[in-house]
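Participant:
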Amino acid sequence: MTSTQEAVAAAERCTPEFRRDPHAVYAHLRDAAPVCPMRPPHGNETYLITRYEDARAALSDPRLSKDMYGAMDAYRRIFGDSSVALDDNMLNSDAPKHTRLRRLVNSAFTPRRVAALRPRIEEIVRDLLDECPARERFDLLPAFAFPLPIIVICDLLGVPPEDRQRMQHLSTTVAQTGFGEEAKRAQQQAEEGLHAYFTDLINAKRERPGDDLLSALIAARDNDGGLTESELVSTAFLLMFAGHKTTAYLIGNAVHHLLSHPAQLRAVREDPELIRAAVEELVRYDGSVESATFRYATEDVEYGGTLIPKGALVQIALSSANRDPRKFDAPDELDVRRPGNAQDAHLGFGHGSHYCLGAPLARLETQLALTRLFDRFPRMALADPTGGPRWLEVPFPAFRGLAELPVVLDPAG
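Counting in numbering that gives the first Met the number 0, the sequence shown runs from 0 upward without gaps.
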């Protein structure tokens, strides 16, 4: 990167070069403009935070609001009117609303509840691997990385098995569209489809409730008014969307990087106890959430010597914070034995009151996926080891994930 102006332009436009290697751009900005103003294609004044300490502080700063209704004009310019119906949830709210909504679903994602899911997740992993071709080139993302978390979250919510593919398709469309008119129409149709689906499913479960999280949320809505109808539909969407996209991309990124770093993969395979630390390092090194969801300044705020004016949007680059050399030694190296690789060292799952609710589940799914995959196929290899990965092209850096992951599970077989 030859200039700060070029770095800012790459970040705000999400250029193909930036998608291939955002870390080089972030490294430049951390030194030259750690809190820099941008004007992305959505047109809203936005400030990008790239250093670890600033990012950690901003994630829990009450002056940086997550309440989308406080910045409705800015929100609509980015996502359009259709998104509003699906965004009346904890992700887009501040206390006390955020506290109330999070409390209603928190019990489903405690470490104890998640640990109880291990046998079912093991079964899903095994069944998916049974269906993968061992000696042929294929894309691991649609065959394994995506189905695993979608099946798990559908089980939790009580979504019928026959609807899983539909859920995956609709939520993928919501996540991967851009700013063009055709993309916006596709996004709107997908959002309307999701809203209609969950409205119908909720009505069906009111008639015949099950032993699932969505039925429990309906009971909370109907019995004590814990949720409005809008919040109920939107919370179901949030759990579905966040419960599978980020984990799917994390599994894909993790497999790619371990196969690209054979010494690190060998260390994990030789010492199974390393898998927990390895997942934390993989989240730090190249996690699936590149930037936290937008916040906006409810008053003038100063970070890194830069004034963020009231009303501006704030984009917190988690991927950049997780490679800040002020926090991590040799941050651009993947090291599954990295000292101090604790769950709260990196910001891959966020920080503060909006810390990822599903982090325990994402960790377990990724740990089991990697362990069983590499145990079963120790000779697994990238199908195009010299071609370089193809990363998702997105209009702004929300997700960090592969567009495809071609592999051969048993090339010597």
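By construction, the Cβ of each residue, glycine as well, lies at the ideal position given by its N, Cα and C atoms.
Do you know how far the Cα of arginine 371 is from the Cα of arginine 125?
Facilitator: If you number the sequence shown from 1, residue 125 lands on position 126. If you number the sequence shown from 1, residue 371 lands on position 372. Using only the alpha carbons, I get a separation of about 8 Å.
Participant: If we ignore side chains and look at the alpha-carbon of each, how far apart do isoleucine 307 and arginine 38 end up?
Facilitator: Numbered from 1 along the sequence shown, position 308 holds the residue referred to as residue 307. Numbered from 1 along the sequence shown, position 39 holds the residue referred to as residue 38. So the two alpha carbons sit approximately 14 Å from each other.
Participant: Closest to leucine 147 by CA distance: which of Leu391, Val406 and Gln167 is it?
Facilitator: Translated into the one-based positions of the sequence shown, residue 147 becomes position 148. Ranking Leu391, Val406 and Gln167 by Cα distance to leucine 147 puts Gln167 first.
Participant: May I ask you to list the residues that DSSP assigns as paired with isoleucine 120?
Facilitator: As a first step, residue 120 must be located in the sequence shown, where it is residue number 121. Looking at the DSSP assignment, isoleucine 120 forms no beta bridge with any residue, so it has no partner.
Participant: Give the list of continuous beta strand (DSSP E) stretches no shorter than 3 residues that lie fully inside the stretch 193-279.
Facilitator: Taking only runs of at least 3 residues, no beta strand (DSSP E) segment lies wholly in the stretch 193-279.
Participant: Any chance the stretch 229-236 sits against the stretch 264-277, with 3 or more Cβ pairs inside 8 Å?
Facilitator: No, the stretch 229-236 does not touch the stretch 264-277.
Participant: Name the residue from Asp299, Arg375, Ser290 and Leu155 whose alpha carbon lies nearest to the alpha carbon of arginine 18.
Facilitator: In the sequence shown, the residue the question calls residue 18 occupies position 19. The candidate whose alpha carbon is nearest that of arginine 18 is Ser290.
Participant: Less than 8 Å between the beta carbons of isoleucine 315 and alanine 57, yes or no?
Facilitator: Sequence index remark: in the sequence shown, residue 315 carries index 316 (1-based). Sequence index remark: in the sequence shown, residue 57 carries index 58 (1-based). Going by C-beta atoms, isoleucine 315 is nearer than 8 Å to alanine 57.
Participant: Tell me methionine 67's beta-bridge partners as DSSP assigns them.
Facilitator: Here residue 67 refers to the residue found at position 68 when the sequence shown is read from its first residue. According to DSSP, methionine 67 bridges with nothing at all.
Participant: Assuming arginine 136 and proline 405 make a contact with CB atoms under 8 Å, what is their CB distance in whole Å?
Facilitator: Taking the sequence shown and counting its residues from 1, the one referred to as residue 136 is at position 137. Taking the sequence shown and counting its residues from 1, the one referred to as residue 405 is at position 406. About 6 Å; that satisfies the 8 Å criterion.
Participant: Kindly list the residues whose CB is nearer than 6 Å to the CB of leucine 356, restricted to its own chain and excluding five residues on each side of it in sequence; keep chain order.
Facilitator: Reading the sequence shown from its first residue, position 357 is the one you call residue 356. Phe108.
Participant: So the candidates are Pro377, Ala402, His41 and Arg337; which of them puts its Cα closest to the Cα of glutamate 180?
Facilitator: The residue given as residue 180 occupies position 181 in the sequence shown. Out of Pro377, Ala402, His41 and Arg337, His41 has the C-alpha closest to the C-alpha of glutamate 180.
Participant: So for arginine 294, helix, strand or coil by DSSP?
Facilitator: For the purposes of this step, residue 294 is taken as the residue at position 295 of the sequence shown. In this structure, arginine 294 counts as strand in the three-state DSSP scheme.
Participant: From the DSSP output, read off the bridge partner residues of cysteine 153.
Facilitator: Along the sequence shown, one-based indexing puts residue 153 at 154. According to DSSP, cysteine 153 bridges with nothing at all.
Participant: State the Cα-Cα distance for the pair arginine 165 and leucine 193, rounded to the nearest angstrom.
Facilitator: Reading the sequence shown from its first residue, position 166 is the one you call residue 165. Reading the sequence shown from its first residue, position 194 is the one you call residue 193. Cα to Cα, the separation comes out at about 9 Å.
Participant: Whole angstroms is fine: what's the gap from alanine 278's alpha carbon to leucine 408's?
Facilitator: Against the sequence shown, residue 278 aligns to sequence position 279. Against the sequence shown, residue 408 aligns to sequence position 409. The sequence shown places valine at residue 278, not alanine. Taking the straight line joining both Cα atoms gives about 21 Å.
Participant: Could you tell me the distance, in whole angstroms, from the CA atom of aspartate 416 to the CA atom of asparagine 43?
Facilitator: Nothing can be reported for residue 416, as the shown portion of the chain is limited to 0 through 412.
Participant: Do tryptophan 390 and leucine 401 count as a contact pair if the criterion is CB distance below 8 Å?
Facilitator: Locating residue 401 in the sequence shown gives position 402, counting from the first residue. Locating residue 390 in the sequence shown gives position 391, counting from the first residue. Yes, Cβ-Cβ distance for leucine 401 and tryptophan 390 is below 8 Å.
Participant: Does DSSP put alanine 31 in a helix, in a strand, or in coil?
Facilitator: Working through the sequence shown from its first residue, we reach residue 31 at position 32. Reduced to three states, the DSSP call for alanine 31 is helix.
Participant: Work out the CA separation of arginine 163 and arginine 375 for me, nearest whole Å.
Facilitator: On the sequence shown, residue 375 is found 376 positions in, with the first residue counted as 1. On the sequence shown, residue 163 is found 164 positions in, with the first residue counted as 1. If you take the alpha carbons of arginine 375 and arginine 163, they lie about 26 Å apart.
Participant: Whose C-beta lies closer than 7 Å to the C-beta of alanine 358 among residues of the same chain, with five residues either side of it excluded?
Facilitator: Against the sequence shown, residue 358 aligns to sequence position 359. Closer than 7 Å at the Cβ level, and outside the excluded window around alanine 358, lie Phe348.
Participant: Just to check, is the beta-carbon of valine 113 closer than 7 Å to a non-hydrogen atom of the ligand NAD?
Facilitator: Inclusion of the ligand NAD in the displayed structure is not the case, the ligand content being empty and no account of it being possible.
Participant: Which of the three DSSP states, helix, strand or coil, is assigned to threonine 45?
Facilitator: For the purposes of this step, residue 45 is identified with residue 46 of the sequence shown, where counting begins at 1. Reduced to three states, the DSSP call for threonine 45 is strand.
Participant: According to DSSP, phenylalanine 17 sits in a beta bridge with which residue or residues?
Facilitator: Walking along the sequence shown from the start, residue 17 turns up at place 18. None, per the DSSP bridge assignment.
Participant: Please list the segments of the alpha helix (DSSP H) lying wholly inside the stretch 295-347, counting only runs of 4 or more residues, in order along the chain.
Facilitator: If we require 4 residues or more, the alpha helix (DSSP H) runs fully inside the stretch 295-347 come out as 317-320.
Participant: Would you say phenylalanine 293 and leucine 312 are within 8 Å of each other, going by their C-beta atoms?
Facilitator: Taking the sequence shown and counting its residues from 1, the one referred to as residue 293 is at position 294. Taking the sequence shown and counting its residues from 1, the one referred to as residue 312 is at position 313. Yes, these two residues count as a Cβ contact at 8 Å.
Participant: Which residues mark the beginning and the end of the beta strand (DSSP E) in which proline 359 is found?
Facilitator: On the sequence shown, residue 359 is found 360 positions in, with the first residue counted as 1. Proline 359 -> not in any beta strand (DSSP E); alpha helix (DSSP H) instead, spanning 358-375.
Participant: Quick one: what's got a C-beta closer than 7 Å to histidine 345's C-beta in the same chain, skipping five residues either side?
Facilitator: Along the sequence shown, read from residue 1 onward, the residue named residue 345 stands at position 346. The answer, listed in chain order, is Glu279, Val282, Arg283 and Asn321.
Participant: With a CB to CB cut of under 8 Å and the five nearest residues on each side skipped, what residues in its chain are close to leucine 63?
Facilitator: Looking up residue 63 in the sequence shown gives position 64. Ala57, Arg294, Tyr295, Ala296, Thr297, Val300 and Val313, listed in sequence order.
Participant: CA-CA distance, isoleucine 150 and serine 59?
Facilitator: Working through the sequence shown from its first residue, we reach residue 150 at position 151. Working through the sequence shown from its first residue, we reach residue 59 at position 60. One C-alpha to the other measures close to 32 Å.
Participant: Per DSSP, aspartate 138 forms a beta bridge with which residues?
Facilitator: Looking up residue 138 in the sequence shown gives position 139. Aspartate 138 pairs with Pro405.
Participant: In terms of residue numbering, what span does the alpha helix (DSSP H) encompassing asparagine 88 cover?
Facilitator: Within the sequence shown, numbered from 1, the residue matching residue 88 stands at position 89. Neither: asparagine 88 is in no alpha helix (DSSP H) and is coded neither H nor E.
Participant: Using a Cβ-Cβ cut-off of 6 Å (strictly less than) and excluding sequence neighbours within five positions of threonine 246, which residues of its own chain qualify?
Facilitator: Within the sequence shown, residue 246 is the residue found at index 247, counting from 1. Excluding sequence neighbours, threonine 246 sits near Pro148, Ala361 and Glu364.
Participant: Bridge partners for proline 36 per DSSP, in chain order?
Facilitator: Walking along the sequence shown from the start, residue 36 turns up at place 37. Answer is Tyr46, bridged to proline 36.
Participant: Take threonine 98 and list the residues in its own chain whose beta-carbon comes closer than 7 Å to its own, dropping the five residues that flank it on each side.
Facilitator: Position 99 of the sequence shown, counted from the start, is the residue given in the question as residue 98. Nothing listed; no residue qualifies.
Participant: So for valine 113, helix, strand or coil by DSSP?
Facilitator: Looking up residue 113 in the sequence shown gives position 114. DSSP places valine 113 in helix when its eight states are reduced to three.
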